[in-house]
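Report on one structure; see the data block that follows.
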Amino acid sequence: MIKAKKHFGQNFLHDQNVLNKIIQSIPKDMQNIVEIGPGLGDLTSKILQISDSVTSYEIDSELYELLEKKFAKEIKDGRLRLFCVDALSRWDESGLSETDYFLTANLPYYVATKMILNAIEDERCRGLVVMIQKEVAVKFSAKGGESEFSALAILASLQGGCELLFDVPSECFNPPPKVTSSVIKIQKSKNLIGENAVFNTEFEYEKFKNLLKTAFSAPRKTLSKNLSANFDKCLLAEIYGELNLSQNLRPHEIDANVYLKIFKKLKVNDERRQSCSLKGKEQ
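Below, the structure is given as structure tokens:
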């Protein structure tokens, strides 16, 4: 019997009801499914019942050999592509799939945030249903005005929003983790970068992320105080007035749409300033 390895953050989900609920949460029209960390293959078996195109990434060579034997027929038939590789490394090198896909996984806690952010930024990923630590799930799914609302929630909401579907108690795993897990869902309804997308360029998106980093740098301070570390106070006061925002607002007290409005107004001011600078040089 294969034992879970702590350095890989392994906790094998065995509860059939939970496995079924995960499968039921996957949109019916998503045929190309990518799975990270199939483990013993319990979720993989159920994914293969709803899709003829599954790609699984398993970093553990011992589990990989088990999965090769367990799904020998599906691999031979071309229904399952199984790789023994670190999914994060594959993401950086060539991506998880050559075509649009939907991500499903029981993510290791120590890489969950990074993988979700990768999925958000991957234009080929059309959405995800993943299980993560509840504390992280709450941060991704929180709404503006809630105390847990953060930059993670804003990034997750840009293309359609994040929903916390249900909690999974520790006894559903072997070995049982010391924390409660939760399943979240992100269904993308728009593109992040490009023509008619949320942002025109990748550079613009990176600038928005820097704005969020500044905004939430000190969550207990006012948003205006945090932003004034990188932006002109008079300009911020002008923008606050145009958007009818209180100077006493904390970073979590406005939603993603307001952050986008602030960003766009800062962008317009920056473009105006650059235009004036160029005109001055020409003269």
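When you read off a place in the sequence shown, starting at 1, and then add 45, the result is the number in the working numbering.
Each residue gets a CB set at the ideal place from its N, CA and C atoms; glycine is no exception.
Predicted, not measured: the structure shown is a model, and the values here were computed from it.
Asked: Whole-Å CB distance - K230 paired with S98, under 8 Å assumed; Found: So it is not a contact: roughly 20 Å between Cβ atoms.
Asked: Cβ of E166 within 8 Å of any chain C Cβ; Found: Reference to chain C is not applicable here, since this structure consists of a single protein chain.
Asked: Extent of the continuous beta strand (DSSP E) run through I67; Found: It is not in any beta strand (DSSP E) - I67 instead sits in the alpha helix (DSSP H) that spans Q61 to S70.
Asked: Through-space distance from L288 to N65, alpha-carbon basis; Found: 45 Å
Asked: For T89, three-class secondary structure by DSSP; Found: helix
Asked: Integer-rounded CB distance, given that V63 should sit under 8 Å from V213; Found: 5 Å
Asked: Run of the beta strand (DSSP E) containing Y155, from where it starts to where it stops; Found: That residue, Y155, is in no beta strand (DSSP E); it is neither H nor E in DSSP.
Asked: Cβ pair F308, F248 closer than 8 Å; Found: no
Asked: Nearest-angstrom Cα separation, counted from D315 out to E216; Found: 53 Å
Asked: Where K230 sits in the DSSP three-state scheme; Found: strand
Asked: C-alpha gap between R124 and L111, whole angstroms; Found: 17 Å
Asked: Rounded C-alpha distance that separates S202 from A301; Found: 7 Å
Asked: Residue nearest to P330 in terms of C-alpha spacing, selected from K306, Q292 and S227; Found: Any property of residue 330 remains undetermined from this structure, which presents the chain solely from 46 to 328.
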